[in-house]
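Mind the numbering: the sequence shown is residues 17 to 613 in my numbering, read in order.
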Amino acid sequence: MKGSLSLGAIGALSLVAIPFGTTHAATSTTQVTPHTATSTAQDLTVNLANRYRPVTHVADGALYGLTKTTPLNLVALLKPSTFVQMAPGGKQLANGENKPYGDALKVAGLAAKAGAKVTIRMPDIYPTFPYQWVSWSNWMSKVKTMVKATMASGDKNIYAFELWNEPDWTWNTSAAGPFNQGWKRTYQEVRSLDPKAPIMGPSISSYNETFMKSFLTYCKANHCLPNVVSWHEWNAAAIPSDVNKYQALEKQLGIAPIPISIDEYGGQQQEGVPGAMIKYIAQFERAGVQSADMAFWYEPGRFSNLITDTKNANGGWWLYKWYGDMSGEMAMTTPSAAPGTSLDGIASINPSRHIADVVFGGASGNNVITIKGFNSTKDFHGDVNVELKATPWYGVDSTVRHPTTLFAGTFKISNGQISVPVKGMHKSWGYEMVVTPSHRSIQGTSKVKYPTTPHRFVLRKEAENATIHDAKVFSGSYASGAQYVGMINNPDSYVQFHVKVPSAGTYNMQVGYANGTVGYSVDKLLVNGSHVNNVAFPASGGWTNSVPNFGSRKTIDVKVRLKAGNNTITLQKLTDYAELDYIQLSKSRQFDTRAKK
């Protein structure tokens with residue numbers, strides 16, 4: 017099993033920012049002063065008094081998220097809302113696959129068992145993307161076949177027929193005529209076969225006011241407005257403005273509100289990364305869209321890379337698990353930075369379960385979660401218990417067995433609110449804060465307890481945070497921390513890690529890397545400036561960002577002898593090319609994450 021990492025094995029993280037590699041014994045209680053954040057800290061404010069919509073998990077969908085072999089147990093726990101899948105009988109060879117996957121009618125039953133609906137992407141009946149237009153007779157014949165097959169299937173969980181995908185650049189106007197006219201013709205064909213069929217569109221590649229105005233104006237005049245309006249989003253920060261502009265356009269044109277589906281969201285190197293995806297979720301919830309589906313940039317059937325290549329949960333899966341666990345009503349969240357740019361999140365409150373839940377991330381360093389509105393609810397009396405958990409991002413194919421509890425404690429409500437400092441955050445990670453009544457009032461300041469951790473040394477260092485010479489940092493969702501170092505191409509190119517160890521001795525060093533060549537790539541290994549060995553990186557089947565990606569980020573273990581205290585470990589190019597992701601030092605036999613296939 018490749019890249020299996022248990023948070024419990026790497027040492028506790030806590031409110032006091034215990035770094036990897038620090039041994040830490042349990043303490044009974046620690047006092048917490050609410051206003052300990054620095055002037056640079058960001059704040060996410062949760063208002064329990066402002067409950068703006070019921071919990072429906074609107075952003076818990078995925079494009080090509082299902083195939084017949086997708087594990088239902090992992091899917092159902094996320095409480096998915098929708099899946100966008102290939103047309104019935106489709107031939108689409110998505111992202112370099114050698115055969116079609118994810119036929120909507122073949123996975124509709126699996127989706128139904130998970131409580132989700134399915135959108136049928138009709139143009140994926142064709143094998144290539146962008147689509148190769150054949151003729152109107154060919155297209156109409158295929159439309160008829162798809163609709164009749166759907167009706168005959170008896171599936172009751174069809175969300176919509178998506179008539180075309182990204183027509184702003186994939187519609188062949190010279191051969192098929194103007195898109196708006198093509199939309200009407202296809203719309204009428206679907207309606208003639210199934211008058212009640214929900215229809216979605218235009219599914220443009222990003223929000224475009226000119227395109228949308230032309231489309232809506234034409235559709236209103238020709239009685240072919242979609243039941244669900246759709247487009248794609250690649251920048252979380254743009255979502256509030258795009259939704260507002262669309263809704264203003266509806267009013268301008270005298271069109272009654274149409275539900276919105278963002279049926280692809282998230283950039284290629286954001287896919288699955290908790291700290292990136294939570295920003296999108298927050299915008300969709302606050303903007304009031306009906307559904308949203310994560311894009312699919314790599315392999316089908318993995319719920320947009322929330323599931324590893326060995327069919328286990330990764331760090332992103334846990335973020336969406338927390339999202340799926342939310343119930344009751346959504347409570348308004350307000351970030352101190354511009355929405356979707358840094359620290360952001362979502363919150364819910366369930367009066368019947370006496371629980372408030374905050375899921376957040378997207379920022380590094382020390383930040384603050386402020387929860388107010390306790391005076392407006394009868395669900396919380398006295399002060400409150402708070403538990404904080406984290407889910408890391410070590411790459412798409414690194415299994416995370418469970419999140420880690422950073423702390424649990426009782427917080428004193430002051431003026432109807434609490435402020436919880438969260439120190440040492442990682443930008444790519446996700447966090448969950450669960451608040452429950454304590455049914456008592458505490459004396460003095462708030463107090464937290466930290467879990468007992470093993471006295472075991474483990475130190476992890478990301479390559480992107482090292483000293484880098486004649487090489488570059490790249491974003492990559494398959495990489496630990498969602499970044500790695502590449503272009504280590506020249507004789508003087510190197511990555512130097514600065515580490516501090518408790519005692520002199522021999523340490524196991526795991527190196528995360530990718531080698532897209534056909535043979536070994538070799539780096540010099542220098543410890544404290546001395547060339548002590550060479551590291552030969554076997555071919556990994558691709559580079560970190562290869563598409564399709566079949567787990568090209570691998571690991572290798574080497575031994576290094578270090579002195580007590582501060583050391584430098586340098587990997588310098590010798591022959592061919594290897595991309596570097598991270599190193600991890602340990603002296604414990606109980607902690608072994610070597611790659612196994």
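Beta carbons: idealized from backbone N, C-alpha and C, even for Gly.
C-beta atoms of residue i and residue j nearer than 8 Å
{"i": "N596", "j": "Y494", "result": "Contrary to the premise, residue 596 reads as Leu rather than Asn in this sequence. Contact: no."}
{"i": "K267", "j": "Y223", "result": "no"}
{"i": "V375", "j": "W338", "result": "yes"}
{"i": "E178", "j": "R137", "result": "yes"}
{"i": "S364", "j": "V71", "result": "yes"}
{"i": "M441", "j": "G381", "result": "yes"}
{"i": "P104", "j": "A120", "result": "yes"}
{"i": "L209", "j": "V163", "result": "yes"}
{"i": "V123", "j": "Q101", "result": "yes"}
{"i": "Q285", "j": "A498", "result": "yes"}
{"i": "D76", "j": "G106", "result": "no"}
Coarse secondary structure for residue i, derived from DSSP in three states
{"i": "L590", "result": "strand"}
{"i": "P183", "result": "helix"}
{"i": "A57", "result": "coil"}
{"i": "T350", "result": "strand"}
{"i": "A498", "result": "helix"}
{"i": "K394", "result": "coil"}
{"i": "A482", "result": "coil"}
{"i": "D373", "result": "strand"}
{"i": "N366", "result": "strand"}
{"i": "A379", "result": "coil"}
{"i": "Y410", "result": "coil"}
{"i": "A298", "result": "helix"}
{"i": "T39", "result": "For T39, the predicted structure reports a pLDDT of 30, less than 50, and the residue's modelled location is therefore unreliable. A value from the coordinates is still provided. T39: coil per DSSP, three-state reduction."}
{"i": "V163", "result": "helix"}
{"i": "I385", "result": "strand"}
{"i": "E448", "result": "strand"}
{"i": "A303", "result": "helix"}
{"i": "T189", "result": "helix"}
{"i": "F195", "result": "helix"}
{"i": "I434", "result": "strand"}
{"i": "E205", "result": "helix"}
{"i": "S602", "result": "strand"}
{"i": "A168", "result": "helix"}
{"i": "T154", "result": "Reading off the sequence, residue 154 comes out as Asn, not Thr. Here N154 sits in helix by DSSP."}
Buried or exposed by the 16-neighbour rule on C-beta atoms within 10 Å, applied to residue i
{"i": "Y68", "result": "exposed"}
{"i": "V563", "result": "exposed"}
{"i": "K295", "result": "buried"}
{"i": "P408", "result": "buried"}
{"i": "S430", "result": "exposed"}
{"i": "K212", "result": "exposed"}
{"i": "W559", "result": "buried"}
{"i": "G426", "result": "Inspection of the sequence shows that residue 426 is occupied by Thr rather than by Gly. By the neighbour-count rule (16 or more Cβ atoms within 10 Å), T426 is buried."}
{"i": "Q699", "result": "No statement about residue 699 is possible, as the shown extent of the chain runs from 17 to 613 and does not include it."}
{"i": "S546", "result": "exposed"}
{"i": "Q148", "result": "exposed"}
{"i": "H73", "result": "buried"}
{"i": "E448", "result": "buried"}
{"i": "E287", "result": "buried"}
Sequence-distant residues of the same chain with beta carbon closer than 8 Å to residue i, five excluded per side
{"i": "P367", "result": "G344, T393, K394 and D395"}
{"i": "Q204", "result": "C240"}
{"i": "H248", "result": "E182, S219, I220, S221, S222, I278, D279, E280, Y281 and A311"}
{"i": "L60", "result": "T349, T350, P351, S352, L359, D360, G361, V374, F376, N383, V384, I385 and T386"}
{"i": "S568", "result": "Y494, A530, G532, S556, G557, G558, W559, T560 and S562"}
{"i": "P256", "result": "Q299, R302, A303, P355 and G356"}
Cβ-based neighbour list, residue i, same chain, cut-off 6 Å, excluding 5 preceding and 5 following
{"i": "V574", "result": "M525 and V551"}
{"i": "V244", "result": "A176, M216, P275 and S277"}
{"i": "V527", "result": "I572 and I599"}
{"i": "S2", "result": "As shown, the chain starts at 17 and ends at 613. That puts residue 2 outside it, with no answer to give."}
{"i": "S44", "result": "In this prediction, S44 scores a pLDDT of 36, lower than 50, which makes its location untrustworthy; the coordinate-derived value is nonetheless stated afterwards. Within the same chain, S44 has no close Cβ partners at all."}
{"i": "R577", "result": "T522"}
{"i": "D325", "result": "D413 and G567"}
Residues near residue i in its chain [Cβ-Cβ closer than 7 Å; skip 5 each side]
{"i": "A252", "result": "K295, Y296, Q299 and G356"}
{"i": "S519", "result": "A580"}
{"i": "K477", "result": "F513, V515, Y598 and I599"}
{"i": "F390", "result": "L64, F396, I429, G432 and Q433"}
{"i": "T202", "result": "V159 and L179"}
Heavy atom of the ligand NAP within 7 Å of residue i beta-carbon
{"i": "P214", "result": "What this structure holds is no ligand at all, so the ligand NAP is not there to describe."}
What are the complete alpha helix (DSSP H) segments, minimum 4 residues, inside the segment 110-138? Those alpha helix (DSSP H) runs which fall completely within the segment 110-138 and span 4+ residues are 120-129.
Residue ranges of each alpha helix (DSSP H) run of no fewer than 4 residues wholly in the segment 517-584, ordered along the chain? The segment 517-584 contains no complete alpha helix (DSSP H) run of 4 or more residues.
Which runs of the beta strand (DSSP E) at least 3 residues long sit entirely within the segment 208-292? Give them in chain order. Runs of the beta strand (DSSP E) spanning 3 or more residues and lying entirely within the segment 208-292 occur at 215-220, 244-249 and 276-281, in chain order.
Entirely within the segment 63-94 and at least 3 residues each: give me those beta strand (DSSP E) ranges in chain order. Complete beta strand (DSSP E) runs here, min 3: 77-79.
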